[in-house]
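Report on one structure; see the data block that follows.
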Amino acid sequence: MIVDTLSQLVRAALHGAASDGVLRLDDVPGIDFERPKRKDHGDFATNIALVVARGTGKPRDVAQALIERLPASDVVDAVEVAGPGFMNFRLSAAWLHDVVRRAAQHSSDFGRHSVGVGTKVNLEFVSANPTGPLNVVSGRHAAVGDAMARLLEAVGYGVTREFYVNDAGRQVEIFARSVEFHYLKRHGVDVAWPEDGYRGDYVAELAETIARESGDRFVDMSDDERLQALAAVALDKELSGIRSTLERFGTHFDVWFSERQLHANNSIKQAVETLEAKDLIEQREGAKWFRSSEFGDDKDRVVVRSNGTPTYTASDVAYILDKVARGFDQLIYLWGADHHGTVPRLMAAAEALGIGRERVKVLLVQIVSLSSGAETLKGSKRAGVYVLLDDLIAEVGVDAARYTFLTRSIDAPLDFDIALAKEQAPENPVFYVQYAHARISSILRRADEQGIGVDAASAPLGLLTHPSEDDLMRKLVTYEEVVLEAAEALAPQRITRFVEELASTFSAFYRDCQVLTEDAELSHARAVLCVATRRVIADGLALLGVSSPERM
RNA sequence: GCGCCCGUAGCUCAGCCGGAUAGAGCGUCGGACUUCUAAUCCGAGGGUCGGGGGUUCGAAUCCCUCCGGGCGCGCCA
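If you're matching positions, the first sequence starts at 110 in our numbering and goes up one per residue.
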């Protein structure tokens, strides 16, 4: 990458300056490059002179000395001292053209990196309770998690997308009882409505479906049997609904991991034994406590209740052990911010079990609150109040929905107003970006009709001298750094930003430079610039899971 | 009370591993369609980056503190 090349040049200059006695180098500091916000500050800038001149008061002199000692390079056009002592690099046209050619070649690895090659990542996200259809909260998680996975893959990681299915425990039981209520009622048997039962209409509909498909065969079972049977059928149906919603949303999971399985195959019992073997468990008041407070948690946690049943914490321990046993190097959990209280205990478990905190990353997606107009709704499946992801998709489409979720950082709370989302759907910035793509596609169709070449290797890019052409080329080539930064920061919104800026820069080019002209050479060069731009827009949108239409 | 997150333009938010004159979209106002897609473009207006202190050559960004908002603090999941 270009910044590596630049770093080498600067490092050589640093050593040169040191051996000339211009400055003292106790240790070679890390050399950082940034892309200046202002165009006249060049393509890349480094503050290294400010860093090494700390305390001398003469950073500009140091910068000048470094510039004089920079080895010659055909990628650098000019370097100048600026401001308090920055070194601003302007890169050569030859370099710029090489990168544009690479971007224009569809088979090239432009925008791909290899930092993650050989590292297996488990990224768990959504993991919504299978006790009802997905709502927009899960939509945000799905969009963000999937985009993160795509980013990680773009930089070389092997990513497994995983959905943890909470198909055990109390919520499932309440859900099953809620279904049972409607089911039995339909068969003329009245039972009491379960405490905290699930209120949504879908529960009655589900019971209806089950009654239609299975008849009355659950009615005469024992309570336990019936509950188990209904739970199995109901969860299965909800889960397949969730799965198809996610597929429709463009989010495919590699692994659907069942919590129930952890119980069934003794994993939880073994996990507790593992903790016991490490002397991390103590008996208190008939329960088994994991001494998580020794590992940074604010208190110890019960893993097995006094009645002998394991807690959710025990499942978490068993689950993380299972992930590690499956050979993952990195474990990423994407959780709702309302679960942040459980992060310390998971990290405590990771440390106590010798997994290591650095292998585990818990990312918290801030709360999604729902509103409709002025009214604030509480998004809870149990209360039966929510905005379905399916409805959102139907109203605004997959692209606009995903894009909206991916414009903000996961740290920003999201107040989701379904009415507003519908109303604003037509002015969603995603269409701006897609429009640029469609427009380029249209130009290239015409170019093809007119027999204008789009061969990247032979295109005379030296003809691209207009400021808008220069801006577009320089914007394009930053994509490589943007992808790497976005992946490292797990920040898909940076891609969203970038594609908007790129589309905007393209629009300026489109305004100023007619692509298809009388001049075949110039048309060729501009067409190749269009090809490169289209490729990067499509690639960026693909990282977001958003489509790139040829026509709009 | 303790912990985590947030506070940036009228609104919704980027920017936050310190960097040069703080950005975008929407909204408002004023312009531009016989020319490759006007789902577009150009221009204007709009800011004590919550307040205060500190570190630094340099702070929206790091530290402390206060204020405001959200969330969480179960042998629930």
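In this text, a Cβ means the ideal position worked out from N, Cα and C, and glycines have one as well.
Fair warning: this is a prediction, and the values are worked out from it, not measured in the lab.
Query, Result
"Which residue marks the beginning of the alpha helix (DSSP H) containing Y619, and which one marks its end?", "Q602 to D621"
"Given this structure, state the Cα-to-Cα distance separating I442 from Y266, to the nearest angstrom.", "It should be pointed out that residue 442 corresponds to Tyr in this sequence rather than to Ile. Rounded to whole angstroms, Y442 to Y266 spans 16 Å at the Cα level."
"With DSSP as the reference, label G267 as helix, strand or coil.", "strand"
"Given that a residue counts as buried once 16 or more other Cβ atoms are within 10 Å of its Cβ, and exposed if not, what is H250?", "buried"
"Helix, strand or coil for G405, going by three-state DSSP, please let me know.", "coil"
"So L479 and V507 are supposed to be a Cβ contact under 8 Å. How far apart are they, rounded?", "Wrong, their Cβ atoms sit about 20 Å apart, outside the cutoff."
"Label M257 either buried or exposed according to how many other C-beta atoms from any shown protein chain fall within 10 Å of its C-beta, with 16 as the threshold for buried.", "buried"
"Identify whether L232 lies in helix, strand or coil by the three-state DSSP scheme.", "strand"
"Return the CA-CA distance between N275 and G241, expressed in angstroms with no decimal places.", "12 Å"
"Rounded to a whole number of angstroms, what is the C-alpha to C-alpha distance between A492 and N238?", "Because the pLDDT at A492 is just 49, under 50, the model does not fix this residue reliably, and the value given afterwards should be weighed accordingly. If I take the Cα positions, the gap works out to 14 Å."
"For the putative contact between R517 and L653, defined by C-beta atoms under 8 Å, what is the C-beta separation to the nearest angstrom?", "Contact doesn't hold; Cβ gap of about 13 Å is too wide."
"Expressed to the nearest angstrom, what Euclidean distance is found between the alpha-carbon atoms of Y428 and Q370?", "10 Å"
"Quick check: the segment 177–185 against the segment 196–207, are at least 3 beta-carbon pairs closer than 8 Å?", "yes"
"What residue does the beta strand (DSSP E) around E590 start on, and which one ends it?", "No beta strand (DSSP E) holds E590; the alpha helix (DSSP H) holding it covers Y588 to A598."
"For S657, count neighbouring C-beta atoms within 10 Å of its own C-beta (all shown protein chains included) and say buried if the count is 16 or more, exposed if not.", "buried"
"Helix, strand or coil: how does DSSP classify V640 here?", "helix"
"Out of E322, T269 and A341, which one is the CA nearest neighbour of G278?", "A341"
"Measuring alpha carbon to alpha carbon, tell me which residue in F618, A458, A647 and S128 is nearest K408.", "A458"
"Leaving out the 5 sequence neighbours to the left and right, which residues in its chain are closer than 8 Å to A313 when beta-carbon positions are compared?", "H291"
"Rounded to whole angstroms, what is the Cα-Cα separation between G488 and A629?", "Bear in mind that the predicted position of G488 carries a pLDDT of just 47, short of 50, making it unreliable; the figure below should be weighed with that in mind. Their backbone Cα atoms lie some 59 Å apart in a straight line."
"What residues in its chain sit with their C-beta under 8 Å from that of L339, if we drop five residues either side in the sequence?", "A285, V288, E289, Y292, I319 and F327"
"Rounded to whole angstroms, what's the CA-CA distance from T269 to P180? Just pull it up for me.", "44 Å"
"Could you tell me whether the segment 565–580 touches the segment 540–554, using the rule of 3 or more Cβ pairs below 8 Å?", "no"
"Please return the same chain residues whose Cβ sits closer than 7 Å to the Cβ of A663, not counting the five positions on each side in sequence.", "One cannot answer for residue 663 here, as it falls past the ends of the chain, which runs 110 to 661."
"What is the rounded straight-line gap between the Cα of Q379 and the Cα of L455?", "17 Å"
"What residue range does the beta strand (DSSP E) around D524 cover?", "L523 to D526"
"Is G395 helix, strand or coil when you go by DSSP?", "coil"
"I believe L498 touches G248 by the beta-carbon criterion, under 8 Å. Please report the beta-carbon distance rounded to the nearest angstrom.", "4 Å"
"If you run the structure through DSSP and keep just helix, strand and coil, what is Q214?", "coil"
"For A423, I'd like the list of residues in its chain whose CB is within less than 7 Å of its CB, leaving aside the five on either flank, ordered along the chain.", "I377, A380, V381, V412 and V413"
"Between the Cα of R606 and the Cα atoms of D149, R400 and K584, which residue gives the shortest distance?", "K584"
"Output yes or no for whether 7 Å exceeds the beta carbon distance between E589 and G227.", "no"
"Quick one: what's got a C-beta closer than 8 Å to W398's C-beta in the same chain, skipping five residues either side?", "I390, E391, Q392, D409, R410, V411 and V412"
"For the segment 514–534 against the segment 610–624, are there 3 or more C-beta pairs whose distance is under 8 Å?", "no"
"For R410, which beta-bridge partners are listed by DSSP?", "F399"
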